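K.L.:
Attaching a single structure in structure tokens format; questions to follow.
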Amino acid sequence: MRSISLTLAALLIATSALANDPPAKSQKQASSKEDILSAQKEETKPIKEAPVRESKAESAARKKEAQAADELAVKIAERLAVIRKDKEETSRPLIRPYVRPYSIPVKKTGSMEDKSKKVGPSSGKHWSYDGEEGPLAWGKLNAANTKCDLGERQSPIDIRDGIRVELDTINFDYKPSQFQVIDNGHTIQANFGSGNYLNVSGKNFELSQLHFHRPSEERINGKGFEMVAHLVHKDREGKLAVLAILLEIGEPHSIVQAIWNNLPLEKNETVKALKNLDIIQLLPKRHDYYTYMGSLTTPPCSEGVLWFVLKEPVQISAEQSAIFARLYPNNARPIQKTGGRIIKESL
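Those letters in the sequence shown? Residues -19 to -1, 1 to 328, per mature numbering (1 follows the signal peptide of the UniProt record, and there is no 0), in order.
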């Protein structure tokens, strides 16, 4: 074995020398190579003449070493495969979900041309009782308000030439109730919970709110009044019935004063009253009335509203009227055409 190692070492030295030395050498160097080759031949002769025999133990050990080397090579190959796979996966580009880049919104400034454009039906411009947003413009301010211009059963009207007939009695089932007061930008309104009803001709309408107009929107044979209270009711099908109570100057009224006592300090702010309100006390002694089919007197001027206008007015003080006038000196829609409608009047 030692001779084999020496031989291999000699071969390596010779090969290295051959690889490193240029082809053009001196005669002395060539002779030294011949000497080495001859020495190698001398060393290999004894191997051919006397081969070494392995014992069984050595043969078994060699086979065991070879098997271990093969197993190690397999494990190394498997490990290399795993490393190569991991490297390929990490080298792949990461796919991220698309995220829309955030951009700061830029506020557009309207040009003079845009500002000069007229407001169209779809603009939804707010309505009012005077100026460019007044009653004559309601139908053009919003597409939902077309009835204000084109309706055939609009309110309010000048009630005259009514057909005098025996009308069904209006039965009032009002009771003391909690209420809230709000200044909605058009009037002072009191909202009520459930439990207050008006019944006429077998139909029940529940009171939802009351509000005021100054001067009165309704006229009786051309005569107007200081103010009017509209009590808005609704039945189970959503149909509306409005009871109008005409108000004239006289003695102060406790129900009106209770509502004024809870006026909010700001518009669209709601004040919940601490005491209940008994609406039945707002009604006049007599319940004779006029009735006709009309509409809401504010946008969207929806039609199909059943109106009851009590004949006998109720008194409020000049001071109470002045309090409302400081907020809304004129919030009455002009009189609309009767349009051949039937108006009934109690006998």
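The beta carbon of each residue, even a glycine, is placed where N, CA and C say it ideally should be. In this text the structure is predicted, and so the values were computed from the model without any measurement.
Need the endpoints of the alpha helix (DSSP H) that S158 sits in, please.
P.N.:
Run containing S158: none; DSSP gives neither H nor E here.
K.L.:
Between A222, H268, A58, which lies nearest to L328 when the distance is taken from Cα to Cα?
P.N.:
Selected option, being the one with the closest Cα: H268.
K.L.:
Are the beta-carbon atoms of S276 and V286 separated by less than 8 Å?
P.N.:
Cβ distance < 8 Å, so S276 and V286 count as in contact.
K.L.:
Between the region 194 to 203 and the region 233 to 242, do three or more beta carbon pairs fall short of 8 Å?
P.N.:
Contact between the region 194 to 203 and the region 233 to 242 is absent, because fewer than three Cβ pairs lie under 8 Å.
K.L.:
Should A225 go down as buried or exposed, given a rule of 16 or more other Cβ atoms within 10 Å for buried?
P.N.:
By the neighbour-count rule (16 or more Cβ atoms within 10 Å), A225 is buried.
K.L.:
Beta carbon of N257, beta carbon of Q159: below 8 Å?
P.N.:
Yes, Cβ-Cβ distance for N257 and Q159 is below 8 Å.
K.L.:
Where do the ends of the beta strand (DSSP E) carrying E187 lie?
P.N.:
Segment 184 to 194, the beta strand (DSSP E) holding E187.
K.L.:
Would you tell me roughly how many angstroms separate the C-alpha atoms of D259 and Q317, rounded to the nearest one?
P.N.:
Taking the straight line from one Cα to the other gives about 33 Å.
K.L.:
With a threshold of 7 Å (Cβ to nearest heavy atom), would K121 be considered close to the ligand FMN?
P.N.:
Annotation note on the ligand FMN: not contained in the displayed structure, which lists no ligands.
K.L.:
Would the beta-carbon of E187 fall within 8 Å of that of N177?
P.N.:
The answer is yes: Cβ separation under 8 Å.
K.L.:
Measuring straight from C-alpha to C-alpha, what distance separates D139 and G320?
P.N.:
If I take the Cα positions, the gap works out to 11 Å.
K.L.:
By a C-beta neighbour count over all protein chains shown, 10 Å radius and 16 as the cutoff for buried, is L228 buried or exposed?
P.N.:
Counting Cβ neighbours within 10 Å, L228 comes out buried, since at least 16 surround it.
K.L.:
Measuring only the C-alpha atoms, how far is K204 from S136?
P.N.:
Each residue's Cα considered, the two are about 16 Å apart.
K.L.:
Output the distance between the C-alpha atoms of P281 and V146, rounded to the nearest integer angstrom.
P.N.:
Answer to the nearest angstrom: the Cα atoms are 32 Å apart.
K.L.:
Does the beta-carbon of H211 have 16 or more other beta-carbons within 10 angstroms, so that it is buried, or is it exposed?
P.N.:
Burial call: buried.
K.L.:
Looking at the structure shown, is F206 part of a helix, part of a strand, or coil, going by DSSP?
P.N.:
F206: coil per DSSP, three-state reduction.
K.L.:
Have a look at K156 and Q296 and give me their C-alpha separation to the nearest angstrom.
P.N.:
Whole-angstrom Cα-Cα distance: 21 Å.
K.L.:
Would you kindly work out how many angstroms separate the C-alpha atoms of I169 and N249, rounded to a whole number?
P.N.:
Computed Cα separation, rounded: 10 Å.
K.L.:
On the DSSP letters alone, give me the boundaries of the alpha helix (DSSP H) that R145 sits inside.
P.N.:
Note, R145: premise wrong, no alpha helix (DSSP H); beta strand (DSSP E) at 144 to 146.
K.L.:
Please report the Cβ distance between I323 and Y273, rounded to the nearest whole angstrom; I am assuming they are in contact, meaning their Cβ atoms lie under 8 Å.
P.N.:
Right, their Cβ atoms sit about 7 Å apart.
K.L.:
Under a Cβ-count criterion, where at least 16 other Cβ atoms within 10 Å of its own Cβ denotes burial, should K220 be classed as buried or exposed?
P.N.:
It counts as exposed.
K.L.:
Distance check for Y110 and N311, CA to CA, integer angstroms please.
P.N.:
Those two C-alpha atoms are separated by around 7 Å.
K.L.:
Please say whether E207 and Y271 have beta carbons closer to each other than 8 Å?
P.N.:
Contact flag unset, no.
K.L.:
Rounding to the nearest angstrom, what Cα-Cα distance links I163 and S283 in this structure?
P.N.:
Straight-line Cα distance between these residues: approximately 22 Å.
K.L.:
By DSSP, does D139 sit in helix, in strand, or in coil?
P.N.:
Looking at D139 - three-state DSSP - the assignment turns out to be strand.
K.L.:
Any idea what DSSP makes of N1, helix, strand or coil?
P.N.:
Only weak support exists for where N1 lies, its pLDDT of 48 falling under 50; the coordinates are left without a value.
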